[in-house]
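260 is the number of the first residue of the sequence shown in our numbering; add one for each residue after it. Contents: one structure, followed by commentary.
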Amino acid sequence: MMYKKISSSLNFIAMEEEILKFWDKQEIFKKSEEKNKNGKSFTLYDGPPTANGRPHIGHVLTRAMKDIIPRYKVMKGYKVLRKAGWDTHGLPVELEVEKQLG
Numbered sequence: 260m261m262y263k264k265i266s267s268s269l270n271f272i273a274m275e276e277e278i279l280k281f282w283d284k285q286e287i288f289k290k291s292e293e294k295n296k297n298g299k300s301f302t303l304y305d306g307p308p309t310a311n312g313r314p315h316i317g318h319v320l321t322r323a324m325k326d327i328i329p330r331y332k333v334m335k336g337y338k339v340l341r342k343a344g345w346d347t348h349g350l351p352v353e354l355e356v357e358k359q360l361g
């Protein structure tokens with residue numbers, strides 16, 4: 260079987276920019292939200308970015324998974340909400356609750 264020859268000088272950055280322009284011009288994300296507005300809800304709660312130091316390959320892996328799952332759910336018709344979390348209120352809230360509850 261013969262395969263089409265692929266250029267060895269691909270410019271992935273330019274290709275990605277073209278895809279992003281297409282998505283923006285065609286309002287792809289907006290259309291996917293509209294299409295799924297009455298779908299079953301799915302929420303992804305994401306923790307604070309790189310809270311435990313400088314980014315490393317482990318961060319990349321978990322970020323990729325946190326990107327794949329909501330995209331899959333959108334393709335399956337879910338109304339997806341992505342909520343980014345921040346660890347800025349945890350301890351102060353806990354201490355206040357302890358004061359109030361004794």
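Ideal placement from N, C-alpha and C gives every residue a C-beta, glycine not left out.
Contact check, residue i vs residue j, beta carbons under 7 angstroms
i    : j    : result
K336 : G298 : First, the amino acid is wrong: residue 336 is Gly here, not Lys. Yes, they are a contact pair.
T302 : L340 : yes
G306 : G344 : yes
Presumed contact (8 angstroms Cβ cut-off) between residue i and residue j, rounded CB distance
i    : j    : result
V333 : S300 : Contact flag wrong, Cβ pair sits at about 12 angstroms.
N295 : K338 : 5 angstroms
Residue from the options whose Cα sits closest to the Cα of residue i
i    : options             : result
P329 : Y304, G344 and I287 : Y304
Min CB distance residue i to chain C below 7 angstroms
i    : result
M261 : In the structure shown, chain C cannot be found, because there is only a single protein chain.
Cut-off 8 angstroms between Cβ atoms - residues of its own chain near residue i, not counting five sequence neighbours on either side
i    : result
I287 : F281
R313 : none
**Message:** Is it the case that the segment 320 to 332 contacts the segment 277 to 287, given that we only count it when at least three CB pairs across the two stretches are under 8 angstroms?
**Reply:** Because the criterion of three Cβ pairs below 8 angstroms is not met, the segment 277 to 287 and the segment 320 to 332 do not touch.
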